[in-house]
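Engineer: Sending over a structure as structure tokens; questions will come in a sec.
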Amino acid sequence: MTISQSNNESNGTKPPRIPTTQGYGQHPLHDRSQRPLKVIVVGAGPSGIAALIELKKLPHIEILCFEKNADVGGTWLETRYPGAACDVASHAYQYSFDYKTDWSRHFSPAEEIGEYFISVAKKHDLYNKITFNSRVIGAEWDENTGLWRVQVARDISPESDTVVEDHHAHVFINAGGILNDWKWPDIEGLHSFKGKLIHTAAWGPEIDLKGASVGIIDTEADIERFNNDPKYYKAFRKQIEQQMNENFAASIKNSEAQEKGRQWAEKMMSSAIASPELRGKLIPSWELGCRRLTPSLPYLKAIQEPNVNVIRTGIRRITEKGIETDDGEVHEVDTLICATGFNTSFSSRFNIVGRNGVSLRTMWKTRGPEAYLGMAIAGLPNYFTLLGPNCPIANGSLIPCIESSAKYIVQAITKIQTDQIRSLDVKQPIQDAFNDYLQEVHKDLVWTGSCQSWCIYLQPYDSTISADP
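Using the UniProt record's numbering, the first residue of the sequence shown is number 1, and each one after it goes up by one.
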């Protein structure tokens, strides 16, 4: 880390020595009241909530959180398409410090997950720290003041114009997440379609598909979506997490565990799909785990219904009436649903400018998205991100990763505060060495396999940006 010291003696006076019961003077550097900090957090989804809870434990910290939606929850507030759920068992997809034991299902629906995060935010009294309907549109580091200037566009009311405000903070935490910037497929003529065009990430309660002829464009992964004894719950959660961790051996290319895992998955899918032709369309040829595995037996059952036709031919273009595939056939539909997921490039949704006026987008032009431990980025002092490039997702629940990252960030902020540090920045050679090591390790793992997935940042970098597709 590159560290520059803060100067709290600009008025010509030294901070007083604080007497202790032992009769010794406490070093003023460790008196937190001598270094009050302001922290801005972007986003109030699972990452932002965890960060706010940890930040509230620190003394002499002023916290501001800006959330683009009208409530907390992030993607679990927005995702409402029919059947939307999490592909991680609910008892493991929650905070370790605030657990719910009465989940309605093993893989609970999006509405229930969203309600869980709202309940946690209320329990920890976070709402008074959050400004809703506010979107961060830019951030710039000021070397002279040692502060971040953050621009926020606020929708005060439906009737009024958007107001742009400037806010300043010593520390800037980006908890905006990677599963909220939904993307349309890059297909010619998409918006020329005259019927109803819907994206699954923007599903509204007014949508009614009864009697409609529906076409779904998907990327396969996106088409899916205790009792009261605490000891029993903890044992059950540990069992789930242990099972997920044990699966890591199958992530090694050409390993015995990989081969056995693939045989098991192929057998399961074959037994669930009656038609040999459909099996050929759906059972993939790439390594097991190259793309994220989804608990999808209901999905496999649904696509075998007589009113469903699975088409694996590529799409040439969208017409006013439907979809034209590469074989020249036109499939007419009333409604076109795009289940094409999110922009998971890790590129910031807004412009971030660090030291020497260099933007984050410029920094990532050479090697692609990179960070140190997925949390800090060289050239962006006092800037931290949750779920950044190559964050420690592993192959299971995101929540433990979020929790550990939030704790690490708060430890860094504590260091800034107690040691009177003006700016904390990762050294570029250290960040490069960390990412070079990651790329070398991933050569032997399935996430650099033969499939297309969002864990690979393609040309011109060909680098792995996530340990989980």
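We treat Cβ as the ideally placed atom computed from N, Cα and C, and that holds for glycine.
Grouping DSSP H, G and I as helix and E and B as strand, with all else coil, what is Trp148?
Structural biologist: Of the three classes helix, strand and coil, the one that applies to Trp148 here is strand, per DSSP.
Engineer: Taking the beta strand (DSSP E) that Gly322 falls in, what are its first and last residues?
Structural biologist: From DSSP, the beta strand (DSSP E) with Gly322 extends over 322-325.
Engineer: Considering only C-alpha positions, which residue in the set Leu380, Glu188, Ser450 is nearest to Leu147?
Structural biologist: Leu147 has its Cα closest to that of Leu380, out of Leu380, Glu188, Ser450.
Engineer: Roughly how many angstroms lie between the CA atoms of Gln258 and Leu293, to the nearest whole one?
Structural biologist: 13 Å
Engineer: Mind checking which residues open and close the beta strand (DSSP E) that includes Ile413?
Structural biologist: Element bounds for Ile413: not the beta strand (DSSP E) but the alpha helix (DSSP H), 398-418.
Engineer: Rounding to the nearest angstrom, what Cα-Cα distance links Lys68 and Trp203 in this structure?
Structural biologist: 17 Å
Engineer: Assign Ala221 to one of three DSSP states: helix, strand, or coil.
Structural biologist: Confidence at Ala221 is low in this model, with a pLDDT of 42, below 50, so the placement of that residue should be treated as unreliable; the coordinate-derived value is given next. Ala221 falls in the helix class under three-state DSSP.
Engineer: Thinking just about the alpha-carbon of each residue, which of Thr418, Val353, Ala378, Thr448 is nearest to the one in Trp141?
Structural biologist: Scanning Thr418, Val353, Ala378, Thr448 for the CA closest to the CA of Trp141 turns up Val353.
Engineer: Would Ile187 and Arg317 be called neighbours here (beta carbons separated by less than 8 Å)?
Structural biologist: yes
Engineer: Of all the CB atoms in chain C, is at least one closer than 8 Å to the CB of Gln94?
Structural biologist: Among the protein chains of the structure shown there is no chain C, as only one such chain exists.
Engineer: Check whether the segment 401-420 and the segment 370-389 touch, using three or more Cβ-Cβ pairs below 8 Å as the test.
Structural biologist: yes
Engineer: Specify the secondary structure class of Pro109 as computed by DSSP and reduced to three states.
Structural biologist: strand
Engineer: Spell out the partners DSSP gives Cys338 in its beta bridges.
Structural biologist: His199, Ile217
Engineer: Output needed for Ser108: all residues of its chain with C-beta closer than 6 Å, excluding positions within five of it in sequence on either side, in chain order.
Structural biologist: Answer for Ser108: Ser90, listed in chain order.
Engineer: Across the segment 417-437 and the segment 207-221, are there enough close Cβ pairs to call them in contact, namely three or more that are closer than 8 Å?
Structural biologist: Counting Cβ pairs under 8 Å, fewer than three are found: no touch.
Engineer: Once you ignore the five residues that flank Cys290 on each side, which residues in its own chain have a CB closer than 6 Å to its CB?
Structural biologist: The residues are Val446, Gly449, Cys451.
Engineer: Does DSSP put Ala166 in a helix, in a strand, or in coil?
Structural biologist: One point to set straight first is that residue 166 is Asp, not Ala, in the sequence displayed. DSSP places Asp166 in strand when its eight states are reduced to three.
Engineer: Excluding the 5 residues preceding and the 5 following Phe193 in the sequence, name in chain order all residues of the same chain whose CB lies nearer than 7 Å to its CB.
Structural biologist: Ile318, Glu320, Leu336, listed in sequence order.
Engineer: Where DSSP assigns a beta bridge to Phe66, which residues make up the other side?
Structural biologist: Val42, Thr131
Engineer: Any idea what DSSP makes of Gly138, helix, strand or coil?
Structural biologist: strand
Engineer: Contact between the segment 434-445 and the segment 120-133: three or more CB pairs below 8 Å?
Structural biologist: no
Engineer: What is the DSSP secondary structure of Arg291, reduced to helix, strand or coil?
Structural biologist: coil
Engineer: Opposite Arg154 in the DSSP bridges: which residues?
Structural biologist: Ser134, Val163
Engineer: Use the C-beta contact count for Ile283: other C-beta atoms within 10 angstroms, 16 or more gives buried, fewer gives exposed.
Structural biologist: exposed
Engineer: For a test of the three-state rule: what should DSSP assign to Arg422, helix, strand or coil?
Structural biologist: Arg422: strand per DSSP, three-state reduction.
Engineer: Helix, strand or coil: how does DSSP classify Ile303 here?
Structural biologist: Reduced to three states, the DSSP call for Ile303 is coil.
Engineer: Taking DSSP as the reference, what is the three-state secondary structure of Ile49?
Structural biologist: helix
Engineer: Taking 6 Å as the limit between beta carbons, can you name the residues of its chain near Glu332, skipping five residues before and five after?
Structural biologist: Lys321, Gly322
Engineer: Count the CB pairs spanning the segment 109-122 and the segment 78-89 that are closer than 8 Å, and state whether there are at least three.
Structural biologist: yes
Engineer: Within a Cβ cutoff of 6 Å, which residues of the same chain sit near Asp326, ignoring the five residues on either side of it in sequence?
Structural biologist: Thr313, Gly314, Arg316
Engineer: Quick one: grab the DSSP three-state call for Trp447.
Structural biologist: helix
Engineer: By the 10 Å Cβ neighbour count, where 16 or more other Cβ atoms means buried, how is Gln242 classified, buried or exposed?
Structural biologist: By the 10 Å Cβ count, Gln242 comes out exposed.
Engineer: Between Ile3, Ser397, Ala50, Val72, which has its C-alpha nearest Asn245's C-alpha?
Structural biologist: Ser397
Engineer: Would you kindly work out how many angstroms separate the C-alpha atoms of Ile198 and Arg349, rounded to a whole number?
Structural biologist: Near 22 Å, if we compare the C-alpha coordinates of Arg349 and Ile198.
Engineer: Leaving aside the five residues before and after Thr200 along the sequence, list all residues of the same chain whose C-beta is less than 6 Å from its C-beta, in chain order.
Structural biologist: Tyr81, Ala339
Engineer: Taking its Cβ as the centre, do 16 or more other Cβ atoms sit within 10 Å of Met375, making it buried, or is it exposed?
Structural biologist: buried
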